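The structure under discussion appears below in the form of C-alpha cells.
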Amino acid sequence: MKFGGTSVGRPERMHQVKDLITRSNEPTLVVLSALSGTTNALVGIGEALAAADKALAKERIDTLHAHYLQFYPELLVSPAARTKAEDILKEHFELLNILLKISFNEAIQRDILAQGELLSTKLFHALLEEQGIPAVLLPALDFMSIDENSEPELGKISDRLKAQLGQHPDNHLFITQGYICKNHRGEVDNLKRGGSDYTASLVAAAVQASVCEIWTDIDGMHNNDPRVVDRTRPIAQLSFDEAAELAYFGAKILHPASIWPAQLHNVPVRLLNTMDPAAAGTLIKAEVAEMGVKAIAAKDGITAINIKSSRMLLAYGFLRRIFEVFEAYKTPIDMITTSEVAVSVTIDDLSHLDQIVEELRRFGTVEVDPNQAIICVVGNQVAETKGAITAVMDSLVDIPVRMVSFGGSKHNVSILVDAQFKVQALKSLNEGVFKW
Ligand code: ASP
Ligand code: MG
Numbered sequence: 005m006k007f008g009g010t011s012v013g014r015p016e017r018m019h020q021v022k023d024l025i026t027r028s029n030e031p032t033l034v035v036l037s038a039l040s041g042t043t044n045a046l047v048g049i050g051e052a053l054a055a056a057d058k059a060l061a062k063e064r065i066d067t068l069h070a071h072y073l074q075f076y077p078e079l080l081v082s083p084a085a086r087t088k089a090e091d092i093l094k095e096h097f098e099l100l101n102i103l104l105k106i107s108f109n110e111a112i113q114r115d116i117l118a119q120g121e122l123l124s125t126k127l128f129h130a131l132l133e134e135q136g137i138p139a140v141l142l143p144a145l146d147f148m149s150i151d152e153n154s155e156p157e158l159g160k161i162s163d164r165l166k167a168q169l170g171q172h173p174d175n176h177l178f179i180t181q182g183y184i185c186k187n188h189r190g191e192v193d194n195l196k197r198g199g200s201d202y203t204a205s206l207v208a209a210a211v212q213a214s215v216c217e218i219w220t221d222i223d224g225m226h227n228n229d230p231r232v233v234d235r236t237r238p239i240a241q242l243s244f245d246e247a248a249e250l251a252y253f254g255a256k257i258l259h260p261a262s263i264w265p266a267q268l269h270n271v272p273v274r275l276l277n278t279m280d281p282a283a284a285g286t287l288i289k290a291e292v293a294e295m296g297v298k299a300i301a302a303k304d305g306i307t308a309i310n311i312k313s314s315r316m317l318l319a320y321g322f323l324r325r326i327f328e329v330f331e332a333y334k335t336p337i338d339m340i341t342t343s344e345v346a347v348s349v350t351i352d353d354l355s356h357l358d359q360i361v362e363e364l365r366r367f368g369t370v371e372v373d374p375n376q377a378i379i380c381v382v383g384n385q386v387a388e389t390k391g392a393i394t395a396v397m398d399s400l401v402d403i404p405v406r407m408v409s410f411g412g413s414k415h416n417v418s419i420l421v422d423a424q425f426k427v428q429a430l431k432s433l434n435e436g437v438f439k440w
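Be aware that the sequence shown starts at 5, since it is given in the numbering used here, and climbs by one per residue.
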C-alpha cells in the first residue's frame, strides 16, 4: 500500500492511513511519500544552496522545521511518543543545518531531498508505536538501488528485501520510504519526482505481492482531463498496456515508469482514494475484457519536426540515420508518421532542438512546428472496435489535424493538433466518443 503526500500531509490523515493499513491482517508493506509540500521545500533549500545563498537556505530550513514542530503535537499525544518525535526532528533538521555548512554538490542535493520520506515514515512509525500497533520500519536505503543508468535493480532489490523481511518472521506490517534509493556509487539518490509510486510497484514486484494499492486524493484515473472537461468519470478497469499509454500523457495520478514492474510480475495495481476509501477506484491488470475507447488524455509542449527528401524514395536505412540524430542528443521521439518522401516525428525535450535540426538538414528540407499537443485516445482494441476510429475523427471535424498515429499498438490512437485546439479537441472527443 502506497500513500502519497496529501494522504500523510496532515496529522488526521496519518491517523486515517493507520486505520486503512490495519483493516486486514494480511502481510502488508506500506510505502510512504513525504508530507505534501516537503519535497518542494527541500528542492527550494537545495536551489538556494546551489546559488550560494546560505541565508535563504537557512530561512527555508527554518520554515520547514516550524511546519514539523506544529505537525507532531497534533499527531502524537503521549509524552513518550512526543519525545521520540522531537528526537526525529532534531536528527533530520540538524543534518540539514550541517549540510548548509559544507560545500554544495549534487550528492548533497540528493541527501537533502531524501529527508522528506525519512521524516514521514519515522513520524508515522512513532504513531503506530504509540497506538500499540506492531510494525517494522525498513530503511529503503538498505534495499532500493539503481544502476549507473539510473535503472532500478529489481533482482537485487528483491533479494535484499526478502532477506530483510525474513528477519522479522513474526511481523506482518512493514513501513518503508518511497522515492529514495542508493545509486551505483553507494550515494543516496532518488527515483525522480513522483517516484514513490515507482517504489511501490518495484516493491510489489520484488515480493510478488497479491496487489499494489496506490492511495492518492482522487478516485482513480479519469476518462478525460477533469481540469478541462466537465463530466469525467473514473475508469473502473484498465489493462497494463492502456495504463502505460495514459500515465505518460500527464494523467498525473501515476508515475509513468510505475507500470512495468507490476506488469512484469503480473501484480494488479489498484488506484484508490484515501479521502473516500469506499470508492471503487481504478483496477489495472493484465487482461481486460471490455472493448472500445476508455480514456482521452493530452500532452502539450510538443514540437513536430518534418524531414522531406526525395532520397527517401525506395531507400533503406534512411529512418535509421534520422533516428541516430535523435539518439546522439538523447532526445526521445514520441509520435512518428511517414510517407514515401517524408517523415514527421514529435519530441517534447527541446534542449537540443537547434543541433538536431542542423544535423537533419543533411537529409533534406526540415520544418519545425512548435506548440503542438498530442491527443491520445486509449482503449482496449480500439483499432479493432467497429466505428471507434470513425467516432474519433468525426469528433475532430472542426480541428486541423497535423499528424495521426494509428496501429502502433491496438490500444491507442494519437493525434497531433496545434496546442490552441487542445481544449476544444478534448471537449468534442468527450461528447463524440463517450456518448453521454
Ligand atoms: N516526495 C517525492 C515527490 O514529491 C516523491 C513522491 O511523493 O512520489 O516527488
Ligand atoms: Mg505522486
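Ideal placement from N, C-alpha and C gives every residue a C-beta, glycine not left out.
Since we're looking at a predicted model, the values are computed, not measured.
| Item | Value |
| --- | --- |
| Helix or strand or just coil, what does DSSP make of Met18? | helix |
| Take Gly48 and list the residues in its own chain whose beta-carbon comes closer than 7 Å to its own, dropping the five residues that flank it on each side. | Arg64 |
| Between Asn194, Ser243, Phe410, Leu258, which has its C-alpha nearest Met295's C-alpha? | Ser243 |
| Assign Ile306 to one of three DSSP states: helix, strand, or coil. | strand |
| For the ligand ASP, is there a heavy atom less than 7 Å away from the beta-carbon of Ser37? | yes |
| If you drop the 5 nearest sequence neighbours on each side, which residues of the same chain put their C-beta closer than 7 Å to that of Ile161? | Phe147, Met148, Ser149, Leu206, Ala210 |
| Going by C-alpha to C-alpha distance, which of Lys62, Asp229, Gly170 sits closest to Ala430? | According to the sequence shown, residue 430 is Leu rather than Ala. The residue with the shortest Cα to Cα distance from Leu430 is Asp229. |
| Just to confirm, does Gly321 get its C-beta within under 7 Å of one of the non-hydrogen atoms of the ligand FMN? | Because the ligand FMN does not appear in the structure shown, any question about it cannot be addressed here, the ligands present being the ligand ASP and the ligand MG. |
| Count Cβ pairs between the stretch 350-367 and the stretch 308-319 that sit closer than 8 Å; are there 3 or more? | yes |
| Look at the alpha carbon of Leu177 and the alpha carbon of Glu98, and state the distance between them as a whole number of angstroms. | 30 Å |
| Provide the residue(s) that pair with His226 in DSSP beta bridges, ordered along the chain. | Pro238 |
| Find out if the Cβ-Cβ distance for the pair His96, Asp151 is shorter than 8 Å. | no |
| For Ala346, write down the residues that DSSP places opposite it in a beta bridge. | Lys312 |
| Where does Met148 sit, in a helix, a strand or coil, going by DSSP? | coil |
| For Thr443, is the classification buried or exposed, using 16 other Cβ atoms within 10 angstroms of its Cβ as the cut-off for buried? | What is shown of the chain runs 5 to 440, which leaves residue 443 out entirely. |
| CB Phe425 to CB Ile403, shorter than 8 Å? | yes |
| I'd like to check one pair, Ala283 with Asp358: are the Cβ atoms closer than 8 Å? | no |
| Is the separation between the beta-carbon of Thr350 and that of Leu400 shorter than 8 Å? | no |
| Looking at Thr220: is its Cβ nearer than 8 Å to the Cβ of Ile257? | yes |
| For the beta strand (DSSP E) containing Ser409, list its first residue and its last residue. | 405-410 |
| Between which two residues does the beta strand (DSSP E) holding Arg86 run? | Note, Arg86: premise wrong, no beta strand (DSSP E); alpha helix (DSSP H) at 83-105. |
| With a threshold of 7 Å (Cβ to nearest heavy atom), would Tyr72 be considered close to the ligand ASP? | no |
| Measuring alpha carbon to alpha carbon, tell me which residue in Leu100, Thr307, Leu123, Ala387 is nearest Gln113. | Leu100 |
| Please indicate yes or no: does the CB of Thr10 lie closer than 7 Å to some heavy atom of the ligand ASP? | no |
| May I have a chain-ordered list of the beta strand (DSSP E) segments no shorter than 3 residues that lie completely inside the stretch 31-55? | 32-36 |
| Is the CB-CB distance between Ala456 and Leu68 below 8 Å? | Past the edges of the chain, shown from 5 to 440, lies residue 456, and the structure says nothing about it. |
| Helix, strand or coil, according to DSSP, for Ile378 in the structure here? | strand |
| Am I right that Thr180 and Leu142 are in contact with their C-beta atoms under 8 Å? What's the rounded C-beta distance? | 5 Å |
| Suppose you measure from the CA of Val35 to the CA of Arg274; what does that come to, to the nearest Å? | 14 Å |
| How close, in whole Å, do the beta carbons of Glu134 and Ala208 come, if the pair is a contact with beta carbons under 8 Å? | With a Cβ gap of about 28 Å, Glu134 and Ala208 do not count as contacting. |
| Does the Cβ of Glu51 lie closer than 7 Å to at least one heavy atom of the ligand ASP? | no |
| Check whether the Cβ of Thr125 sits closer than 7 Å to any heavy atom of the ligand ASP, and report yes or no. | no |
| Hey, could you find the ends of the alpha helix (DSSP H) Leu80 is sitting in? | Leu80 -> no alpha helix (DSSP H), and no H or E assigned at all. |
| Have a look at Asn416 and Gly120 and give me their C-alpha separation to the nearest angstrom. | 37 Å |
| In the DSSP assignment, find the alpha helix (DSSP H) that holds Ile326 and state where it starts and stops. | 322-332 |
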